[in-house]
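>
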Amino acid sequence: MAITCHSVPVIRGKKFRYGNKMESILHLIIFLTFTVENGAAYGSSSISPQPEQIHISRTADQSEMMITWTTLAPASSSVVEYNFKGQPLTNVAKGNSKPYKTCGWKKRYIHIHRVKLKGLLPSTSYGYRCGGSDGWSAIYFFKTSKVGNQWSPSLAVYGDLGVGNAQSLSKLQTEVQNGDYDAVLHVGDFAYDMSHDESRVADAFMNQIETIAAYVPYMVCPGNHEFQCNFSNYRERFSMPGDNQGLFYSWNIGPAHIISFSTELYYFLQYGIEQLVNQYKWLQKDLEEANLPHNRSIRPWIITMGHRPMYCSNMVGDGCENHENEIRTGITSLKLFPLEELFYKHGVDLEIWAHEHSYERLFPVYNHKIYNGSLEHPYTNPRAPVHIVTGSAGCKYCHDKFKRDYGPWTAFRTLDYGYTRMKIHNFTHLYLEQVSIDKNNKVIDRVWIIKDKHGREAWASDDVVQGVPSDAGSLFKANSFKTMKNFNDIIEKYTNDLKSRNNPYK
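In the UniProt record's numbering, the protein residues as written are 1 to 506.
1) Under DSSP, the beta strand (DSSP E) around Leu-155 begins and ends at which residues?
2) Quick one: what's Asp-445 bridged to in DSSP?
3) Is it true that the CB of Ile-54 sits closer than 9 Å to the CB of Ala-213?
4) Mind checking who Ala-256 pairs with in its DSSP beta bridge?
5) For Val-176, collect the residues of the same chain with a Cβ closer than 6 Å to its Cβ; drop the 5 residues on either side in sequence, then sort them by chain order.
6) Just list the residues that DSSP pairs Asn-413 with in beta bridges.
7) Which residues mark the beginning and the end of the beta strand (DSSP E) in which Cys-312 is found?
8) DSSP puts Ile-83 in a beta bridge; with which residues?
9) Looking only at its own chain, which residues have a Cβ that is under 7 Å from the Cβ of Pro-74, when we skip the five neighbours before and after it?
10) Answer yes or no: do Ile-253 and Leu-155 have a C-beta to C-beta separation smaller than 9 Å?
11) Leu-287 by DSSP, collapsed to three states: which one?
12) Tell me whether Ser-97 sits in a helix, a strand or coil according to DSSP, three-state version.
13) In terms of residue numbering, what span does the beta strand (DSSP E) encompassing Ala-183 cover?
14) To the nearest angstrom, how far is it from the Cα of Gln-466 to the Cα of Thr-329?
15) If distances are taken between C-alpha atoms only, which option among His-113, Lys-106 and Tyr-109 comes closest to Ala-93?
16) Per DSSP, which residues does Ala-191 bridge with? Please list them.
17) Helix or strand or just coil, what does DSSP make of Pro-469?
18) Leaving aside the five residues before and after Val-468 along the sequence, list all residues of the same chain whose C-beta is less than 8 Å from its C-beta, in chain order.
19) Could you have a look at Thr-102 and say whether DSSP puts it in helix, strand or coil?
20) According to DSSP, is Trp-282 helix, strand or coil?
21) Give me, in chain order, the residues of the same chain whose beta-carbon lies closer than 7 Å to that of Thr-495; leave out the 5 immediate sequence neighbours on both sides.
22) At the level of alpha carbons, what is the spacing between Cys-229 and Ser-152?
23) Provide the residue span of the alpha helix (DSSP H) that contains Arg-200, from first to last.
24) Does Asn-314 pass the burial test, meaning 16 or more other C-beta atoms within 10 Å, or should it be called exposed?
25) Below 8 Å, can you find three or more Cβ-Cβ pairs linking the stretch 415 to 422 to the stretch 381 to 394?
26) Among the candidates Gly-119, Ala-460, Asp-182 and Ser-436, whose CA atom is the shortest distance from the CA of Tyr-218?
27) So Gln-57 is in the beta strand (DSSP E); what residue range does that whole segment cover?
28) Beta strand (DSSP E) containing Val-176: first to last residue?
29) Using a Cβ-Cβ cutoff of less than 6 Å, which residues in the same chain neighbour Met-206 once the five nearest sequence positions on both sides are dropped?
30) Identify the continuous beta strand (DSSP E) that holds residue 511 and give its terminal residues.
So this is what it looks like as structure tokens:
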């Protein structure tokens, strides 16, 4: 079926101003047609306690796996039966369920079930099914990862994947079920949008990715299209490590420490600044712990993933095409909570982004300056973090066109649909390649990042950040405010400015 890019109408009844009765009737017919078509498309007319939307995720413990699923009606129990692959499912783990009142005009309830499997053996294949006396799912399989750091994890990495136009889904499904990956990183923007049609679009999306997410840990971060109702669909449906409802967390795999965080907390301050404050505090602490000598020696690679990029060369990039943006340099005139300086200071090796519906690889860059390892081998001992923007998995909107003129830090870019493969080979070598769906799954870009040493000492020199105050990004800079009201006034003004220019449906 051909996919045509076009604007999708969003009808919000109270915003219409009807000129006459005939116009009112016409708008009502359009609204009812749109609603019925969506309802048929995403089909949630049947209410059942049958398990659906099954997906798995890692916890902080490598011997555990979290199983999450949904029922559209209450179920009497939340149970997973499991065993070694091919064996009768004689092991039983029990969990709990939580009703979720969906985001939309007419609230409906669905039920999110979570069961944690414990004491799993490393590098072992398991079969499992979930449900209970009200009904069971089909049997699915997963393989636990190896323990320790002396192995080479493979991950699929992408952002911006929707229910419609999910270009990369078929190829990813084949590779996941062939056992090609140890985890998937989905860098924000799901379904388009999870809240639409009383969150039935989210139901459809979670069922759609089940062919991937039920077989391999599906690790996520929020994007701008999850903003509705304070990211409730995202927070309720996914089960990430930590105590922050998946907005920010970290986990270890092989020789890498992966940090997931929310760029959206910088933009949707109508939900309160506390989430952003808490995230920045947490990031500082997590990066400090990851850089303790013992921790950095056993997991030298620090990789971050967040939705909106610091740099891009797209025509309309919501800030990443500009010299300064909120993610990179901080919010308000005081430049609070900047991430580029924080990540540089703590020696982050690789920064993964999405949001732009394209793929772009950057040379090592800090503060708009290129810090290649050498002219011939820019990614061998790079002197600043490497950035990858991978937001072309397949969203319902058009590609984000590139500017003709772009910064010197852009090494490669393409508008092809596709996704990124990442293999962390060992302490010194990390490999990335970009798969083009448009070009029949051809690898169109590849790069080795080779590092003899990691951390701040790997960078160019201290003078790169010379002049940056030691308290840059500190949480309140108390001496800068006569009263807390001063701070609140600044944040309120900044929030109002954001509302006037921010388009969450970009």
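Yeah, the Cβ is synthetic: ideal placement off N, Cα and C, and Gly gets one too.
Since this is a predicted model, take the numbers as computed values, not measurements.
In short:
1) Your numbering for residue 155 matches position 155 in the sequence shown. Its beta strand (DSSP E) spans residues 154 to 158.
2) Locating residue 445 in the sequence shown gives position 445, where the first residue counts as 1. According to DSSP, which records beta bridges pairwise, Asp-445 is partnered with Gln-434.
3) For this step, residue 213 is matched to residue 213 along the sequence shown. For this step, residue 54 is matched to residue 54 along the sequence shown. It is a contact, given that the beta carbons lie within the stated cut-off.
4) To locate residue 256, count along the sequence shown from 1; it is residue 256. Looking at the DSSP assignment, Ala-256 forms a beta bridge with Ile-253 and Trp-301.
5) Translated into the one-based positions of the sequence shown, residue 176 becomes position 176. Ile-212, Tyr-215 and Val-216, listed in sequence order.
6) If you number the sequence shown from 1, residue 413 lands on position 413. Looking at the sequence itself, residue 413 is Arg, so the reference to Asn does not match. DSSP output for Arg-413 lists Glu-360 as bridge partner(s).
7) Indexing the sequence shown from 1 puts residue 312 at position 312. Premise fails: Cys-312 is in no beta strand (DSSP E) and is neither H nor E.
8) Within the sequence shown, numbered from 1, the residue matching residue 83 stands at position 83. Note that residue 83 is Asn in the sequence shown here, rather than Ile. Partner(s): Gly-127.
9) In the sequence shown, counting from the first residue as 1, residue 74 sits at position 74. Within the same chain, Pro-74 has close Cβ partners Pro-49 and His-111.
10) Your numbering for residue 253 matches position 253 in the sequence shown. Your numbering for residue 155 matches position 155 in the sequence shown. Yes. Within cutoff.
11) As a working mapping, residue 287 is identified with position 287 in the sequence shown. Reduced to three states, the DSSP call for Leu-287 is helix.
12) Start at 1 with the first residue of the sequence shown, and residue 97 comes out as number 97. Strand, per DSSP.
13) Translated into positions along the sequence shown, residue 183 becomes position 183. Element bounds for Ala-183: 183 to 186.
14) Numbered from 1 along the sequence shown, position 466 holds the residue referred to as residue 466. Numbered from 1 along the sequence shown, position 329 holds the residue referred to as residue 329. Reliability fails at Gln-466, whose pLDDT of 30 lies under 50, so the model's placement of it is uncertain and no value is given.
15) Taking the first residue of the sequence shown as position 1, residue 93 is located at position 93. Looking at the Cα atoms, His-113 is the closest of the given residues.
16) Within the sequence shown, residue 191 is the residue found at index 191, counting from 1. Answer is Gly-162, bridged to Ala-191.
17) Here residue 469 refers to the residue found at position 469 of the sequence shown. Because Pro-469 carries a pLDDT of 32, less than 50, the predicted location of this residue cannot be relied on, and the following value inherits that uncertainty. The answer is coil: DSSP assigns Pro-469 none of H, G, I, E or B.
18) The residue given as residue 468 occupies position 468 in the sequence shown. With a pLDDT of only 33 at Val-468, under the threshold of 50, the placement of this residue in the model should not be trusted; the figure read from the coordinates follows. Glu-341, listed in sequence order.
19) For the purposes of this step, residue 102 is taken as residue 102 along the sequence shown, with counting starting at 1. Coil at Thr-102, not helix or strand.
20) For the purposes of this step, residue 282 is taken as residue 282 along the sequence shown, with counting starting at 1. Note: Trp-282 maps to helix in three-state DSSP.
21) Counting from one through the sequence shown, the residue named residue 495 turns up at place 495. Excluding positions up to five away in sequence, the list reads Leu-269 and Gln-270.
22) Here residue 229 corresponds to residue number 229 of the sequence shown, with the count starting at 1. Here residue 152 corresponds to residue number 152 of the sequence shown, with the count starting at 1. Cα to Cα, the separation comes out at about 39 Å.
23) Mapped onto the sequence shown, residue 200 falls at position 200. Arg-200 -> alpha helix (DSSP H) spans 196 to 208.
24) For the purposes of this step, residue 314 is taken as the residue at position 314 of the sequence shown. Label assigned to Asn-314: buried.
25) yes
26) Along the sequence shown, one-based indexing puts residue 218 at 218. The candidate whose alpha carbon is nearest that of Tyr-218 is Asp-182.
27) Stepping through the sequence shown from its first residue, residue 57 is reached at position 57. For the record, residue 57 in the displayed sequence is Ser; it is not Gln. Unbroken beta strand (DSSP E) run through Ser-57: 52 to 57.
28) Position 176 of the sequence shown, counted from the first residue, corresponds to residue 176. Counting along the chain, Val-176 falls outside any beta strand (DSSP E), though it belongs to the alpha helix (DSSP H) covering 169 to 177.
29) Along the sequence shown, read from residue 1 onward, the residue named residue 206 stands at position 206. Contacts found: Gln-53.
30) What the structure shows of the chain is the stretch from 1 to 506, and residue 511 is not part of that stretch, so it cannot be assessed.
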